[in-house]
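Notes to accompany the following structure.
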Amino acid sequence: MAGEVEQEDHSTEEIITMEKIGSKKLSWRNNLRRFDSFDIESRTISGSRHGSNVKEWSVILHLAFQSIGIVYGDIGTSPLYVYASTFSNGVKHEDDILGAFSIIFYTITLSTLVKYIFIVLRATDNGDGGTFALYSLICRYAKVGMTPSEQAEDNNISNFQLELPSKRLKGATWVKSRLEKSNFAKYFLLLFTMLGTSMLIGDGIFTPCISVLSAVGGIKEATPAMTQDRIVWISAVILIGLFMVQRFGTDKVGYTFSPILILWFALIGGIGLYNFINFDPIVIKALNPKYIVEYFIRNKKEAWISLCGTVLSITGAEALFADVGHFTVRSIQISTCTITYPAIILAYAGQSAFLRKHPDLVSSAFYKSIPGPLYWPMFVVAVLAAIIASQSLISGTFSVVQQSLSLGCFPRVKIVHTSTNYKGQVYIPEINYLLMVACVAVTLGFRSSVQIGNAYGLAVVFVMMITSCLLVLIMVMIWKTHILLIILYIVTIGAMELVYLSSVLYKFDQGGYLPLVFAAVLMAIMLVWNNVYRRKYNYEFDHKISPAKVNDIVNNMTLFRMPGIALFYSDLVHGIPPIFKHYVGNVPALHSVLVFVSSKSVPISKVPLEERFLFRRVETKGLNVFRCVARYGYRDSHKESEPFEKMLVEKLRDFIKTDFLLSRCDIRVPVAETDQEELSNDRLVNGGDQIEDENVEHAKEEIKQLQDEVLEREIETVDKAWNYGVVHLIGESEVFAGPGARLGKRILIDYIYNFLERNLRQSVQGFDIPHKRMVKVGMTYEL
Numbered sequence: 001m002a003g004e005v006e007q008e009d010h011s012t013e014e015i016i017t018m019e020k021i022g023s024k025k026l027s028w029r030n031n032l033r034r035f036d037s038f039d040i041e042s043r044t045i046s047g048s049r050h051g052s053n054v055k056e057w058s059v060i061l062h063l064a065f066q067s068i069g070i071v072y073g074d075i076g077t078s079p080l081y082v083y084a085s086t087f088s089n090g091v092k093h094e095d096d097i098l099g100a101f102s103i104i105f106y107t108i109t110l111s112t113l114v115k116y117i118f119i120v121l122r123a124t125d126n127g128d129g130g131t132f133a134l135y136s137l138i139c140r141y142a143k144v145g146m147t148p149s150e151q152a153e154d155n156n157i158s159n160f161q162l163e164l165p166s167k168r169l170k171g172a173t174w175v176k177s178r179l180e181k182s183n184f185a186k187y188f189l190l191l192f193t194m195l196g197t198s199m200l201i202g203d204g205i206f207t208p209c210i211s212v213l214s215a216v217g218g219i220k221e222a223t224p225a226m227t228q229d230r231i232v233w234i235s236a237v238i239l240i241g242l243f244m245v246q247r248f249g250t251d252k253v254g255y256t257f258s259p260i261l262i263l264w265f266a267l268i269g270g271i272g273l274y275n276f277i278n279f280d281p282i283v284i285k286a287l288n289p290k291y292i293v294e295y296f297i298r299n300k301k302e303a304w305i306s307l308c309g310t311v312l313s314i315t316g317a318e319a320l321f322a323d324v325g326h327f328t329v330r331s332i333q334i335s336t337c338t339i340t341y342p343a344i345i346l347a348y349a350g351q352s353a354f355l356r357k358h359p360d361l362v363s364s365a366f367y368k369s370i371p372g373p374l375y376w377p378m379f380v381v382a383v384l385a386a387i388i389a390s391q392s393l394i395s396g397t398f399s400v401v402q403q404s405l406s407l408g409c410f411p412r413v414k415i416v417h418t419s420t421n422y423k424g425q426v427y428i429p430e431i432n433y434l435l436m437v438a439c440v441a442v443t444l445g446f447r448s449s450v451q452i453g454n455a456y457g458l459a460v461v462f463v464m465m466i467t468s469c470l471l472v473l474i475m476v477m478i479w480k481t482h483i484l485l486i487i488l489y490i491v492t493i494g495a496m497e498l499v500y501l502s503s504v505l506y507k508f509d510q511g512g513y514l515p516l517v518f519a520a521v522l523m524a525i526m527l528v529w530n531n532v533y534r535r536k537y538n539y540e541f542d543h544k545i546s547p548a549k550v551n552d553i554v555n556n557m558t559l560f561r562m563p564g565i566a567l568f569y570s571d572l573v574h575g576i577p578p579i580f581k582h583y584v585g586n587v588p589a590l591h592s593v594l595v596f597v598s599s600k601s602v603p604i605s606k607v608p609l610e611e612r613f614l615f616r617r618v619e620t621k622g623l624n625v626f627r628c629v630a631r632y633g634y635r636d637s638h639k640e641s642e643p644f645e646k647m648l649v650e651k652l653r654d655f656i657k658t659d660f661l662l663s664r665c666d667i668r669v670p671v672a673e674t675d676q677e678e679l680s681n682d683r684l685v686n687g688g689d690q691i692e693d694e695n696v697e698h699a700k701e702e703i704k705q706l707q708d709e710v711l712e713r714e715i716e717t718v719d720k721a722w723n724y725g726v727v728h729l730i731g732e733s734e735v736f737a738g739p740g741a742r743l744g745k746r747i748l749i750d751y752i753y754n755f756l757e758r759n760l761r762q763s764v765q766g767f768d769i770p771h772k773r774m775v776k777v778g779m780t781y782e783l
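According to the UniProt record's numbering, the sequence shown is numbered sequentially starting from 1.
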């Protein structure tokens, strides 16, 4: 639909004719392609692909070191509570330890190592990961977006290109076609991504609770006077302190995190190796998967229920993918394979060997298995590691909320960028305080890491299942993977995750319901916001003002043109918003340069600054009326190093120059601006007779001179307007359900959406707009 609207602005060929020079005429025909202004701007910079540059090994190793402090806190602290959650009713048979260890080993190996490290990390979005990265890849390859704002020019952003196999398979084409033609598939895909985002936010709630509570619980082993109530309240105080320091950002303490976690991995790996040798090296037999089969035969339903505990061994595996944008794929792979994976496997092997001799101590296996002299140092490091684990998931929550917000799927909140080195490190005050309240409430309400683990496991498995489903779609449609490899993935990793999902759902009434409640609330908010957002956009799209109408308005003799630049903001990407006519009807004055600005989120992580703005002139020339689309990826900051208006005006000058070089040569100068020079348009009337070659060259020089004069004049107009100042006109639309709307629609728009609208941030809070030069223009939309 959008392509049809823009069709009128494109012409591929044009005949350029000149007037009679002297007594004869010239017909000069060139097959010059007319470049659309959006085409020009989007092709001027080739750019570079984010995440695809070859890094020196010194840089990769440096990033691998840093990644340890940010990525692995959650999965690295899972040995604190996995065995206690797995055998919540105690160990019934000594070989059950071998069965549980075998399950843990293959779960970590298949899910963390094979799935995420070697498969999922290939699906980064120009170096960035997470659920929205998978969704953005699908949106780029197939037209499954929910708003009519697609532009062919967006495909020319240097970070937007896909490296696709040259061989086109029928299956990939069929899947793509089905997605594009089915509205149900589009809605389902969006809902699926929202569910994954909501569950990941649930991880951000449960990770601090279970990590801190499990770590602090170790103090009971040193002093019997420490009751569970005191442990719960100490954990709540630590959690409050953790959330209060979030505003400082992870960048300031990033170099502190890595040494602590390296020490943590060294300690759990070393203690695990010591226990493995000292207690029962025979646990190496657990590498034989037959012990898994025997474990299930022996315990039947209890073995299946115990999977709720073993799944906690891979909590944080999703962070490997979500946080890859801060580093590189290679650095994550190196740090995982050389430090994290070996240390965690040794830790579980050591606990397994210890429990073979002391099965009655399973509820506190981690601290009981620590050699006496190392207890207090290990306790301190464990608490610090638990806090760091919480930090990584909280930061991940901020990132996914920012991504949802950029794609119109979350209410407006304040985004604070805490790092000058990593744009992905953000802080969101509203979300931070909501997480803090939720974490403290969960800790005080559940009071036990076992019960919290039931809820945590459900959130983890849901996120992993959603990642696998989206990944299979990418395998079929984008990677065009061989069908046998896809089937192998589904019957191994997919089947494993499905079994885990059935197990965690069994404990739905024992805490498993909590992440679903959180997800339901978050998805309801996201769906309401996204639904009305699309309704508003479609209303503006259907009622936009045609270029001819804009010409009539601007050329109105009763309309006063005052000096200066006016930036008129709206959400509409295609055309002029209807609120402009409402503004002119009440304020019959316009600035000498008028730019309609719309901020557009494209389904990629980052847009290079050189390719941020796309301009189009609202014909005819001389009116100094332009349209501008400011494109942002879902991890881009709207507040750049330079003021937004300065960047926009500089790019506007560049566009005017390029437009005169590559657009049509039939220049007509408005008489109103050239009273003293009066360049006659008769120079450019049609003619058909040939003249001598020397006259052709002379005619070319005259046209070039005329172009230079008009270009210089228009640039001068923009410079004068810039010197007079910039006024920001903000279109603020209030929405209500239209006459005859159903009760559900009225509740959705008039009450829920408007409540969120009134109590959240303004639509332009992301731009650096001076409040002294801001004018709001209100209008009511009946949807």
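Built from N, CA and C at the ideal position, the CB exists for glycine as well.
- When rounded, the separation of the alpha-carbon atoms in residue 725 and residue 71 is 47 Å.
- Measuring C-alpha to C-alpha distances from residue 654 to each of 621, 558 and 610 identifies 610 as the nearest.
- Fully enclosed beta strand (DSSP E) runs of no fewer than 3 residues occupy 560-570 of the region 519-588, in order along the chain.
- Collapsing the DSSP output to three states places residue 636 in coil.
- With 16 or more neighbouring CB atoms inside 10 Å of its own CB, residue 475 falls in the buried class.
- Under the DSSP definition of a beta bridge, residue 128 partners with 125.
- Taking C-beta atoms as the reference points, residue 206 and residue 388 fail to come closer than 8 Å.
- Under the DSSP assignment, residue 615 falls in the beta strand (DSSP E) whose first and last residues are 613-617.
- Unbroken alpha helix (DSSP H) runs of no fewer than 4 residues, entirely contained in the region 359-400, are found at 365-368, following chain order.
- Taking 8 Å as the upper bound for CB-CB distance, residue 123 and residue 134 are in contact here, some 6 Å apart.
- Less than 8 Å divides the Cβ of residue 711 from the Cβ of residue 657.
- Judged by their CB atoms, residue 631 and residue 612 are nearer to each other than the 8 Å cut-off.
- Residue 266 and residue 176 have their C-alpha atoms some 48 Å from each other.
- Per DSSP, residue 448 lies in no beta strand (DSSP E) and is assigned neither H nor E.
- In the DSSP annotation of this structure, the continuous segment of the beta strand (DSSP E) that includes residue 730 starts and ends at 726-736.
- Sorting 433, 450 and 512 by C-alpha distance to the C-alpha of residue 82 places 450 at the top.
- Straight through space, the alpha carbons of residue 757 and residue 469 are spaced by roughly 34 Å.
- Excluding five sequence positions before and after residue 246, the CB atoms of its chain that fall closer than 7 Å to its own CB belong to 394, 427 and 432, given in chain order.
- The C-beta distance from residue 97 to residue 364 rounds to 15 Å, too long to fall under 8 Å, and the pair is not in contact.
- In this structure, residue 120 keeps its C-beta atom at 8 Å or more from the C-beta atom of residue 189.
- In this structure, residue 541 keeps its C-beta atom at 8 Å or more from the C-beta atom of residue 729.
- In the structure shown, the three-state DSSP call for residue 273 is helix.
- In this structure, the CA atom of residue 348 is about 22 Å from the CA atom of residue 464.
- The three-state reading of DSSP puts residue 591 in strand, counting E and B together.
- A contact is defined here as three or more CB-CB pairs under 8 Å, and the region 294-311 fails this definition with respect to the region 231-239.
- One Cα belongs to residue 378, the other to residue 274, and the distance between them is close to 15 Å.
- A straight-line Cα-Cα distance of about 12 Å links residue 212 and residue 219.
- Using a Cβ-Cβ distance cut-off of 8 Å, the region 505-525 and the region 738-746 are not in contact, since fewer than three pairs of beta carbons, one from each stretch, lie closer than that value.
- If you ignore the 5 residues before and after residue 435, its C-beta comes within less than 7 Å of the C-beta of 204, 205, 243, 394 and 397, all in its own chain and listed in chain order.
- By alpha-carbon distance to residue 140, the top candidate from 633, 778, 754 and 746 is 633.
- In the three-state scheme derived from DSSP, where H, G and I count as helix and E and B as strand, residue 235 is classed as helix.
- Look at the beta carbons and you see the region 527-547 not touching the region 471-487: under three pairs across the two are nearer than 8 Å.
- A direct Cα-to-Cα measurement between residue 780 and residue 194 gives close to 29 Å.
- Secondary structure of residue 308 (DSSP, three-state): helix.
- Between residue 570 and residue 332, the CB-CB gap reaches or exceeds 8 Å.
- A check of alpha carbon separations from residue 608 across 576, 597, 588 and 647 identifies 647 as the nearest.
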